[in-house]
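Working notes, structure below.
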Amino acid sequence: MADSTSEKLMAQMRGEVSTGQAPEVSEPPVDPRSQEIMDAMRGGSERDIRRERAEHNLRNFRAQEAFEARVTKRAKEIAAREDDRFSWQRDGYMELPLDRARAQIQKEDREAREAESRRKVDEQMREYTRRENETLRTEAILKRDAQARAERKKRAEGWTARQVAALMAELNKPGA
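Position one of the sequence shown corresponds to residue 16 (the working numbering), numbered consecutively onward.
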């Protein structure tokens, strides 16, 4: 059955087979000129859209098949590890190896998604910290340059080194 379904999806994707079902979204009738404009704005013709939907459905179908194959494999591993086939009843477990395998794989997938999410957040935080440090360094350089310019200007105006140092100390005070 899995092969026939995947073949139907492939045929639908190529546009060879009509599904015989009503479209998912019913749209009011549109005159042909505005339909062409809408297709151009939407990025393709109705056939292109059907093909994209079929490709999307096929990807989802294959992902579900792969998941079920992983579940079946894990269930066989669980059953092989058990001493006898009905140890789950004796131990008080009310779930079959297939159910346990499905739960384990879903948990592993969820943990993998969470780990990926944490990794992305950590990466974003490192990037933010790097940019913030860069900004602080730039501000410090600009402040130092401004102070150096002010000092050179005051010396050019004839201020003594002691007067310039007092002015710079005043400028560097917190809250100045």
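Glycine included, each C-beta is placed from N, C-alpha and C at the ideal position.
Use the C-beta contact count for ARG89: other C-beta atoms within 10 angstroms, 16 or more gives buried, fewer gives exposed. Within the sequence shown, residue 89 is the residue found at index 74, counting from 1. Burial call: buried.
Tell me whether the region 116-132 and the region 74-90 touch, counting them as touching only if at least three CB pairs, one residue from each stretch, are closer than 8 angstroms. yes
Straight-line Cα distance separating ARG134 from LYS158: Along the sequence shown, one-based indexing puts residue 158 at 143. Along the sequence shown, one-based indexing puts residue 134 at 119. Taking the straight line joining both Cα atoms gives about 36 angstroms.
For the alpha helix (DSSP H) holding PRO112, just list the boundary residues, first then last. Locating residue 112 in the sequence shown gives position 97, counting from the first residue. Per DSSP, PRO112 belongs to the alpha helix (DSSP H) from 112-171.
Count the other CB atoms within 10 Å of the CB of VAL136; is the residue buried (16 or more) or exposed (fewer)? Position 121 of the sequence shown, counted from the start, is the residue given in the question as residue 136. Exposed: under 16 other Cβ atoms inside 10 Å.
Using 8 angstroms as the cut-off, can you tell me whether the region 162-178 makes contact with the region 136-147, which would need three or more C-beta pairs spanning the two stretches below that distance? no
For THR87, does the three-state DSSP call read helix, strand or coil? To locate residue 87, count along the sequence shown from 1; it is residue 72. Three-state result, THR87: helix.
Leaving out five residues before and five after ASN187 in sequence, what residues of the same chain have Cβ atoms less than 7 angstroms from its Cβ? The residue labelled residue 187 in the question sits at position 172 within the sequence shown. Here the set comprises nothing.
Find out if the Cβ-Cβ distance for the pair THR153, LEU113 is shorter than 9 angstroms. Position 138 of the sequence shown, counting from 1, holds the residue named residue 153. Position 98 of the sequence shown, counting from 1, holds the residue named residue 113. Contact flag unset, no.
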